[in-house]
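Engineer: Let me begin by handing over the structure; questions about it come next.
There are 2 protein chains.
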Amino acid sequence: MRVIKNVCKNDAALPIISAMTRVTIKDVARIAGVSPSAVSRVFTDGASASEATREKVLTVARDLGYRPSLLARGLVGTRTNLVTLVMGRMHDPFDALFLDELAEALAARGTRLMLASAGRDAAGDSGLLQALDYKSDAVIVAAGTMSPEHADLCVRAGLPVILSGRVLDAPGVDSVLADNVGGGRQAAELLVRTGCRRLAYLGRGGATFSDRERLKGFAGAASRAGIEVATTAVADRDHGTVFQAATDLFAGPAPPDGLFASTDSMAIAAIEAARAVGLSVPDDLSIVGFNNVPAAAWRSNQLTTVDYPIAGVVSGILDLLDSRLADPDRAREVRRIPTGLVVRATTREKHPHRRGCP
Amino acid sequence: MRVIKNVCKNDAALPIISAMTRVTIKDVARIAGVSPSAVSRVFTDGASASEATREKVLTVARDLGYRPSLLARGLVGTRTNLVTLVMGRMHDPFDALFLDELAEALAARGTRLMLASAGRDAAGDSGLLQALDYKSDAVIVAAGTMSPEHADLCVRAGLPVILSGRVLDAPGVDSVLADNVGGGRQAAELLVRTGCRRLAYLGRGGATFSDRERLKGFAGAASRAGIEVATTAVADRDHGTVFQAATDLFAGPAPPDGLFASTDSMAIAAIEAARAVGLSVPDDLSIVGFNNVPAAAWRSNQLTTVDYPIAGVVSGILDLLDSRLADPDRAREVRRIPTGLVVRATTREKHPHRRGCP
DNA sequence: CTGAAAGCGCTTACAG
DNA sequence: CTGAAAGCGCTTACAG
Numbered sequence: 001m002r003v004i005k006n007v008c009k010n011d012a013a014l015p016i017i018s019a020m021t022r023v024t025i026k027d028v029a030r031i032a033g034v035s036p037s038a039v040s041r042v043f044t045d046g047a048s049a050s051e052a053t054r055e056k057v058l059t060v061a062r063d064l065g066y067r068p069s070l071l072a073r074g075l076v077g078t079r080t081n082l083v084t085l086v087m088g089r090m091h092d093p094f095d096a097l098f099l100d101e102l103a104e105a106l107a108a109r110g111t112r113l114m115l116a117s118a119g120r121d122a123a124g125d126s127g128l129l130q131a132l133d134y135k136s137d138a139v140i141v142a143a144g145t146m147s148p149e150h151a152d153l154c155v156r157a158g159l160p161v162i163l164s165g166r167v168l169d170a171p172g173v174d175s176v177l178a179d180n181v182g183g184g185r186q187a188a189e190l191l192v193r194t195g196c197r198r199l200a201y202l203g204r205g206g207a208t209f210s211d212r213e214r215l216k217g218f219a220g221a222a223s224r225a226g227i228e229v230a231t232t233a234v235a236d237r238d239h240g241t242v243f244q245a246a247t248d249l250f251a252g253p254a255p256p257d258g259l260f261a262s263t264d265s266m267a268i269a270a271i272e273a274a275r276a277v278g279l280s281v282p283d284d285l286s287i288v289g290f291n292n293v294p295a296a297a298w299r300s301n302q303l304t305t306v307d308y309p310i311a312g313v314v315s316g317i318l319d320l321l322d323s324r325l326a327d328p329d330r331a332r333e334v335r336r337i338p339t340g341l342v343v344r345a346t347t348r349e350k351h352p353h354r355r356g357c358p
Numbered sequence: 001m002r003v004i005k006n007v008c009k010n011d012a013a014l015p016i017i018s019a020m021t022r023v024t025i026k027d028v029a030r031i032a033g034v035s036p037s038a039v040s041r042v043f044t045d046g047a048s049a050s051e052a053t054r055e056k057v058l059t060v061a062r063d064l065g066y067r068p069s070l071l072a073r074g075l076v077g078t079r080t081n082l083v084t085l086v087m088g089r090m091h092d093p094f095d096a097l098f099l100d101e102l103a104e105a106l107a108a109r110g111t112r113l114m115l116a117s118a119g120r121d122a123a124g125d126s127g128l129l130q131a132l133d134y135k136s137d138a139v140i141v142a143a144g145t146m147s148p149e150h151a152d153l154c155v156r157a158g159l160p161v162i163l164s165g166r167v168l169d170a171p172g173v174d175s176v177l178a179d180n181v182g183g184g185r186q187a188a189e190l191l192v193r194t195g196c197r198r199l200a201y202l203g204r205g206g207a208t209f210s211d212r213e214r215l216k217g218f219a220g221a222a223s224r225a226g227i228e229v230a231t232t233a234v235a236d237r238d239h240g241t242v243f244q245a246a247t248d249l250f251a252g253p254a255p256p257d258g259l260f261a262s263t264d265s266m267a268i269a270a271i272e273a274a275r276a277v278g279l280s281v282p283d284d285l286s287i288v289g290f291n292n293v294p295a296a297a298w299r300s301n302q303l304t305t306v307d308y309p310i311a312g313v314v315s316g317i318l319d320l321l322d323s324r325l326a327d328p329d330r331a332r333e334v335r336r337i338p339t340g341l342v343v344r345a346t347t348r349e350k351h352p353h354r355r356g357c358p
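Protein chains in written order, with full-length UniProt numbering: chain A, 1 to 358; chain B, 1 to 358.
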């Protein structure tokens with residue numbers, strides 16, 4: 001390798017990067033007339049280096065186009081500034097919103113992001129291993145169900161695990177999530193308040209953590225109002241499947257007058273199903289979604305929904321990341337970010353049945 | 001560090017990973033009674049090791065929970081099996097579809113994916129630098145506009161650059177993209193064929209590479225049919241902004257009877273605008289989108305659109321990646337993947353004005 | 001097939 | 001403030 005160094009001279013006025021040959025700390029040290037240690041210190045925040053040295057090194061580094069190898073740094077250093085995110089397939093527009101916000105926030109603080117698909121193994125443990133293999137500072141798990149065993153393995157290995165959107169009662173494993181239970185409650189209270197009496201929940205049949213929590217909050221609040229919730233479960237979150245399930249529900253023997261869907265995507269499919277069977281929304285049927293994705297605001301949907309506090313969840317994750325890195329032994333923390341209701345046109349005005357009351 | 005090794009004994013029947021202490025190749029070598037080189041060979045495909053050695057090493061490695069450090073491997077080896085993807089903000093559902101497919105395809109071949117936001121700098125050069133810093137096998141650029149200078153820098157440094165959705169005429173820089181021009185042509189031909197005569201293009205005003213190409217194909221085919229295309233540009237791709245622009249266009253002095261939008265998202269906003277101003281789609285106005293995102297198929301949209309061949313583009317990228325790694329000096333290649341037309345309900349039946357002809 | 005040695009590019013105590 | 005030395009965890013020629 002070294003043999004061909006400089007065989008191919010630069011012909012342009014660009015940094016002197018010979019083909020295939022990386023500029024190393026030694027090159028900079030040699031040309032600047034200092035030791036590699038000195039160069040290293042100049043590139044390390046808070047390390048001691050005289051102004052003269054700093055200037056010499058910086059100049060040479062710039063001229064040579066030197067950049068410290070993150071691989072070498074990671075190998076020897078204690079922190080890599082790298083975080084691994086375990087995600088599932090991004091089948092819902094919401095997933096992109098979340099990833100976008102997280103990626104942006106991490107980039108803003110100079111943290112690199114590596115992706116690992118939860119993919120085949122439900123536990124997403126291949127993602128954890130990948131995080132370990134690259135010595136990630138932490139792994140953020142936003143998909144699948146993590147087993148306590150795997151979580152424990154990571155924590156022992158010194159890899160902080162932060163769960164997004166799910167909770168695991170394992171020592172050292174932090175969680176950040178939207179207050180799904182609260183959001184479900186808000187949905188139920190809105191529907192009840194606006195006169196709905198036959199409430200239904202359209203969800204994944206408990207297939208995901210969020211789905212279970214949202215139903216719990218919804219059913220709980222409904223129950224307090226003396227209403228029992230009918231649930232419809234759909235195996236696949238695909239639009240067509242949900243549309244069909246909703247159509248069956250609406251055309252069935254006990255159609256609801258108030259529906260809460262696990263996600264906006266499902267709620268939108270329900271709106272279309274309502275139209276298909278000739279139900280008027282919100283006159284015959286009120287619908288509430290969850291997430292507040294852009295499509296919820298579209299003119300043809302105007303979906304009332306529970307707003308997922310993405311920014312809050314993301315900053316919660318960064319917060320917990322910092323805290324955990326600062327103190328690896330701190331107690332686990334679960335942070336639930338409050339949701340808000342965004343009332344649009346798929347629910348009725350307040351108190352329609354109280355019209356005329358004082 | 002080493003001092004605390006084994007201070008905290010394992011209490012469970014899990015691999016022996018002492019707190020904070022990584023199992024290294026030396027540990028495995030020592031316990032297996034072989035040299036580190038031997039262990040390395042066992043973990044290297046196609047390296048020579050006797051069956052006895054292999055078995056011993058593998059057993060010990062499993063018991064100890066040993067995994068080769070990718071950092072160390074990357075530092076010393078010639079390939080890292082790591083690819084960096086430069087993406088912009090994921091404001092369109094399409095972005096998630098693409099990333100999802102790419103991530104899945106890379107994972108399937110055992111390649112790790114690192115994310116770099118194009119973010120602030122339009123050139124996305126920070127992403128390139130990040131790719132360099134981690135010794136990525138290649139960088140896939142799917143956002144922003146890359147300057148020839150930066151591309152050249154990467155190629156010189158031995159970092160293959162693969163452009164997705166854009167083309168750059170620089171040596172060694174490969175590209176894969178949907179045939180935008182062809183797609184635009186298909187849209188125009190469909191509209192003309194179904195009787196539209198006043199064609200309009202709703203796009204980003206040439207802000208992106210795709211936008212320019214789609215308009216080019218559309219306007220070219222329209223021109224061959226003797227029709228001049230009116231273009232409407234929108235600065236922000238936000239739904240509300242597009243809705244307003246489309247409303248203005250439709251309510252303006254020269255409303256079109258056939259509209260081609262740069263993306264499905266924009267086309268859907270246009271559908272809603274048409275409804276808002278009382279235009280009937282497709283009777284008064286035909287609309288064609290681009291991408292074929294899930295929402296295009298929704299009952300309330302039923303959007304006729306040009307299908308973006310995501311799978312084809314992704315496999316093209318992997319293909320070019322392999323080729324480039326196998327032969328770094330090969331000529332640059334631009335691969336355009338054919339698009340297809342998905343005809344739904346926002347365009348008319350064929351030849352409505354020829355009704356009665358033989 | 002196998003091990004000793006050198007090296008990847010960097011940082012971290014350690015003396016000065 | 002500075003440099004020599006050791007080491008991070010691995011692989012790659014090089015002899016055997």
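Glycine residues also receive a C-beta, built at the ideal position from the N, C-alpha and C atoms.
If I measure Cβ to Cβ from A219 (chain A) and keep anything under 6 Å in the same chain, skipping five residues before and after, which residues do I get?
Structural biologist: On the first sequence, position 219 is the one that residue 219 (chain A) refers to. Excluding positions up to five away in sequence, the list reads V229.
Engineer: For the alpha helix (DSSP H) holding S40 (chain B), just list the boundary residues, first then last.
Structural biologist: Here residue 40 (chain B) refers to the residue found at position 40 of the second sequence. It spans 36 to 42 - the alpha helix (DSSP H) in which S40 (chain B) sits, taken as one unbroken run.
Engineer: State yes or no: is the beta carbon of L259 (chain B) nearer than 8 Å to at least one beta carbon in chain A?
Structural biologist: Taking the second sequence and counting its residues from 1, one reaches residue 259 (chain B) at position 259. No, no contact with chain A.
Engineer: In the UniProt domain "HTH lacI-type" (23 to 77) of chain A, which residues sit with their C-beta less than 7 Å from some C-beta in chain B, listed in chain order?
Structural biologist: R67, S69, L70, L71, A72, G74, L75
Engineer: Between the stretch 288 to 303 of chain B and the stretch 321 to 332 of chain B, can you find at least three pairs of beta-carbon atoms closer than 8 Å?
Structural biologist: Touching, no.
Engineer: Relative to the C-alpha of A188 (chain B), which residue among B:A157, B:G289, B:T208 is closest?
Structural biologist: Here residue 188 (chain B) is taken as the residue at index 188 of the second sequence, counted from 1. Answer by Cα proximity: B:G289.
Engineer: Do you know offhand how far P328 (chain A)'s Cα is from L64 (chain A)'s?
Structural biologist: Taking the first residue of the first sequence as position 1, residue 328 (chain A) is located at position 328. Taking the first residue of the first sequence as position 1, residue 64 (chain A) is located at position 64. Answer to the nearest angstrom: the Cα atoms are 39 Å apart.
Engineer: What residues of chain B sit near D95 (chain A), judged by a beta carbon separation below 7 Å?
Structural biologist: Position 95 of the first sequence, counted from the first residue, corresponds to residue 95 (chain A). Those are A96, listed as they occur along chain B.
Engineer: Closest Cβ-Cβ distance between A138 (chain B) and chain A: below 8 Å?
Structural biologist: By one-based count along the second sequence, residue 138 (chain B) stands at place 138. The beta-carbon of A138 (chain B) is placed no less than 8 Å from the nearest beta-carbon of chain A.
Engineer: From T145 (chain A) to L153 (chain A), what does the alpha carbon distance come to, in whole angstroms?
Structural biologist: Numbered from its first residue, the first sequence carries residue 145 (chain A) at position 145. Numbered from its first residue, the first sequence carries residue 153 (chain A) at position 153. Each residue's Cα considered, the two are about 15 Å apart.
Engineer: For the stretch 194 to 265 of chain B, list the alpha helix (DSSP H) runs that are entirely contained and at least 4 residues long, ordered along the chain.
Structural biologist: Counting only runs of 4 or more, we get 209 to 224, 239 to 251.
Engineer: Using a Cβ-Cβ cutoff of less than 7 Å, which residues in the same chain neighbour V277 (chain B) once the five nearest sequence positions on both sides are dropped?
Structural biologist: For the purposes of this step, residue 277 (chain B) is taken as residue 277 along the second sequence, with counting starting at 1. Annotation for V277 (chain B): T247, F250, A251 place their beta carbon closer than 7 Å to its own, counting only its chain and skipping 5 residues before and after.
Engineer: Go through its chain and collect everything with a Cβ distance to A122 (chain A)'s Cβ below 8 Å, but skip five positions before and after it.
Structural biologist: Against the first sequence, residue 122 (chain A) aligns to sequence position 122. A caution first: A122 (chain A) carries a pLDDT of 49, below 50, which makes its placement in the model unreliable, though a value can still be read off. Cβ-Cβ distances below 8 Å link A122 (chain A) to G144, T145 in the same chain, with the five nearest sequence neighbours on each side left out; the list follows chain order.
Engineer: In terms of residues, what are the limits of the alpha helix (DSSP H) holding T59 (chain A)?
Structural biologist: In the first sequence, residue 59 (chain A) corresponds to position 59, counting from 1. Taken as a continuous stretch (DSSP letters only), the alpha helix (DSSP H) holding T59 (chain A) covers 51 to 64.
Engineer: Within 8 Å, do at least three Cβ pairs link the stretch 89 to 108 of chain B to the stretch 92 to 101 of chain A?
Structural biologist: Counting Cβ pairs under 8 Å, three or more are found: they touch.
Engineer: Classify E272 (chain A) as buried or exposed, calling it buried when 16 or more other Cβ atoms lie within 10 Å of its own Cβ.
Structural biologist: Translated into positions along the first sequence, residue 272 (chain A) becomes position 272. Buried.
Engineer: What is the DSSP secondary structure of D95 (chain A), counted as helix, strand or coil?
Structural biologist: Residue numbering aside, residue 95 (chain A) sits at position 95 when the first sequence is read from its first letter. D95 (chain A): helix per DSSP, three-state reduction.
Engineer: Run through the DSSP bridge pairs and tell me what N291 (chain B) is partnered with.
Structural biologist: The sequence position of residue 291 (chain B) within the second sequence is 291, counting from 1. In the DSSP secondary-structure assignment, N291 (chain B) is bridged to B:D307.
Engineer: Roughly how many whole angstroms lie between the Cα atoms of R193 (chain A) and D236 (chain A)?
Structural biologist: In the first sequence, the residue the question calls residue 193 (chain A) occupies position 193. In the first sequence, the residue the question calls residue 236 (chain A) occupies position 236. R193 (chain A) and D236 (chain A): Cα-Cα distance of roughly 31 Å.
Engineer: Do you know offhand how far D319 (chain A)'s Cα is from L113 (chain A)'s?
Structural biologist: Reading the first sequence from its first residue, position 319 is the one you call residue 319 (chain A). Reading the first sequence from its first residue, position 113 is the one you call residue 113 (chain A). Computed Cα separation, rounded: 16 Å.
Engineer: Taking the Cβ atom as the reference point for each residue, do T241 (chain A) and G203 (chain A) lie within a distance shorter than 8 Å?
Structural biologist: Locating residue 241 (chain A) in the first sequence gives position 241, counting from the first residue. Locating residue 203 (chain A) in the first sequence gives position 203, counting from the first residue. No; because the gap between Cβ atoms is not below 8 Å, this pair is not in contact.
Engineer: Please list, in chain order, the chain B residues whose beta carbon lies closer than 7 Å to that of residue 375 (chain A).
Structural biologist: The structure shown does not extend to residue 375 (chain A), since chain A spans only 1 to 358, so no value can be given for it.
Engineer: Output, in sequence order along the chain, the residues in the stretch 303 to 335 of chain A whose CB is closer than 8 Å to any CB in chain B.
Structural biologist: none
Engineer: Give me whichever residues DSSP pairs with G340 (chain A) in a beta bridge.
Structural biologist: For the purposes of this step, residue 340 (chain A) is taken as the residue at position 340 of the first sequence. According to DSSP, which records beta bridges pairwise, G340 (chain A) is partnered with A:D307.
Engineer: For the stretch 228 to 262 of chain B, which residues have a CB atom closer than 9 Å to at least one CB atom of chain A, in sequence order?
Structural biologist: D238, H239, G240, F243
Engineer: Give the DSSP-derived three-state secondary structure of V155 (chain A) in the structure shown.
Structural biologist: Counted from its first residue, the first sequence places residue 155 (chain A) at position 155. V155 (chain A): helix per DSSP, three-state reduction.
Engineer: Three-state secondary structure (DSSP) at V176 (chain A)?
Structural biologist: Position 176 of the first sequence, counted from the first residue, corresponds to residue 176 (chain A). Here V176 (chain A) carries a strand assignment [DSSP, helix/strand/coil].
Engineer: What residues from chain B crowd round D100 (chain A), counting only those whose CB sits closer than 7 Å?
Structural biologist: The count along the first sequence starts at 1 and reaches residue 100 (chain A) at position 100. Those within 7 Å of D100 (chain A) in chain B are R89, M90.
Engineer: Assign A122 (chain B) to one of three DSSP states: helix, strand, or coil.
Structural biologist: By 1-based counting over the second sequence, the position of residue 122 (chain B) is 122. With a pLDDT of only 49 at A122 (chain B), under 50, the local geometry of the prediction cannot be trusted, and the value read off the model is given with reservation. Coil.
Engineer: Which residue marks the beginning of the alpha helix (DSSP H) containing V167 (chain B), and which one marks its end?
Structural biologist: As a first step, residue 167 (chain B) must be located in the second sequence, where it is residue number 167. Segment: none, V167 (chain B) is in no alpha helix (DSSP H) and carries neither H nor E.
Engineer: Measuring alpha carbon to alpha carbon, tell me which residue in A:A138, A:G184, A:V181 is nearest I162 (chain A).
Structural biologist: Here residue 162 (chain A) refers to the residue found at position 162 when the first sequence is read from its first residue. Nearest of A:A138, A:G184, A:V181 to I162 (chain A), Cα basis: A:A138.
Engineer: Which one of B:A151, B:A222, B:V86 has the shortest CA to CA distance from L190 (chain B)?
Structural biologist: The residue given as residue 190 (chain B) occupies position 190 in the second sequence. Answer by Cα proximity: B:A222.
Engineer: Assuming contact is defined by CB atoms lying nearer than 8 Å, are V60 (chain A) and A49 (chain A) in contact in what I supplied?
Structural biologist: One-based indexing of the first sequence puts residue 60 (chain A) at position 60. One-based indexing of the first sequence puts residue 49 (chain A) at position 49. No, these two residues do not count as a Cβ contact at 8 Å.
Engineer: Below 7 Å on C-beta distance, what does D133 (chain B) contact in chain A?
Structural biologist: Taking the second sequence and counting its residues from 1, one reaches residue 133 (chain B) at position 133. Ordered by position in chain A, the residues that pass the 7 Å Cβ test against D133 (chain B) are R67, S69, L70.
Engineer: Within 8 Å (strictly less), CB to CB, does P294 (chain A) reach chain B?
Structural biologist: In the first sequence, the residue the question calls residue 294 (chain A) occupies position 294. By this cut-off, P294 (chain A) is an interface position.
Engineer: At what residues does the alpha helix (DSSP H) containing A32 (chain B) begin and finish?
Structural biologist: Here the question's residue 32 (chain B) lines up with position 32 in the second sequence. Start and end: 25 to 32.
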